[in-house]
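Chemist:
Residue numbers (my numbering): 440 to 652.
#1: For residue 481, collect the residues of the same chain with a Cβ closer than 6 Å to its Cβ; drop the 5 residues on either side in sequence, then sort them by chain order.
#2: What residue does the alpha helix (DSSP H) around residue 634 start on, and which one ends it?
#3: Could you check the C-alpha separation between residue 456 and residue 645 for me, to the nearest Å?
#4: Rounded to a whole number of angstroms, what is the C-alpha to C-alpha distance between residue 599 and residue 582?
#5: Of all the alpha helix (DSSP H) runs that stay within the bounds of the segment 572 to 610, which reach a length of 4 or more residues?
#6: Less than 7 Å separating the beta-carbons of residue 602 and residue 585?
#7: Need the endpoints of the alpha helix (DSSP H) that residue 490 sits in, please.
#8: Could you pull out every residue in the same chain whose Cβ sits closer than 8 Å to the Cβ of residue 507, ignoring the five residues on either side in sequence?
#9: Quick check on this structure: which residue in 485, 546 and 447 has the alpha carbon closest to the alpha carbon of residue 459?
#10: Starting from residue 487, trace the alpha helix (DSSP H) both ways and give me its first and last residue.
#11: Assuming residue 533 is part of the alpha helix (DSSP H), what are its boundary residues?
#12: Can you give the beta carbon distance from residue 544 to residue 614, rounded, assuming they're within the 8 Å contact cut?
#13: Measure the beta-carbon distance from residue 490 to residue 479 and round it to whole angstroms, keeping in mind my assumption that it falls under 8 Å.
#14: Give the single residue among 472, 530 and 639 whose Cα lies nearest to the Cα of residue 591.
#15: Whole angstroms is fine: what's the gap from residue 494's alpha carbon to residue 503's?
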């Protein structure tokens, strides 16, 4: 019989709690201070753990940054998968997934800063490659749904991958406008209205004439 309440399991649970607190604190710090402005000492203070505790989980700031980004992108992938697995049409799935992607950006200042053009990020090629793979998986989810919508005659033929990249770039760009220091600051309300208007216009332009469906 497996023992679940012994000293070892308590240590594991405490370690898992500390790790979650460290990631939460790091996410907040990267969001407010950026990559270059974040210090391990500040993360430890926010998480109410020792600096040594942070280093027991992550060897350096690059690893911590990757863990924060990876956790958020994994959640995003899960939320998008749920939208794409619904019983509605591929076009409606794409719209629902777009709304889920927007909510992810709205609720995560770290990710908005992460995709902002003026962001300083780790120089590690391995970290950039791993994050790029996560982002590419999101693009693939959207392009697959667009292909299905085209096959069913719901939208006019387009290059599905380019359309997926366009949609994601548009969401990223609008949300980056809510934090960009060199542009007129967009409010979240204005961002939502802008994206809703763009969605309406795009769907109208891609919908085949009634006689061609």
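Think of the CB as a built atom: it goes at the ideal place given N, C-alpha and C, for glycine as much as any other residue.
Modeler: Walking through what the data contain:
#1: 468
#2: 627 to 645
#3: For residue 456 and residue 645, the distance between alpha carbons rounds to 48 Å.
#4: 5 Å
#5: Whole alpha helix (DSSP H) segments, 4+ residues: zero.
#6: Taking 7 Å as the Cβ cut-off, residue 602 and residue 585 qualify as a contacting pair.
#7: Per DSSP, residue 490 belongs to the alpha helix (DSSP H) from 490 to 496.
#8: The residues 462, 465, 466, 469 and 549, in chain order, have a CB closer than 8 Å to that of residue 507 in the same chain once the five nearest residues on each side in sequence are set aside.
#9: 485
#10: Segment: none, residue 487 is in no alpha helix (DSSP H) and carries neither H nor E.
#11: 529 to 546
#12: Going by Cβ atoms, the distance from residue 544 to residue 614 rounds to 4 Å, so yes, they are a contact pair.
#13: 6 Å
#14: 530
#15: 9 Å
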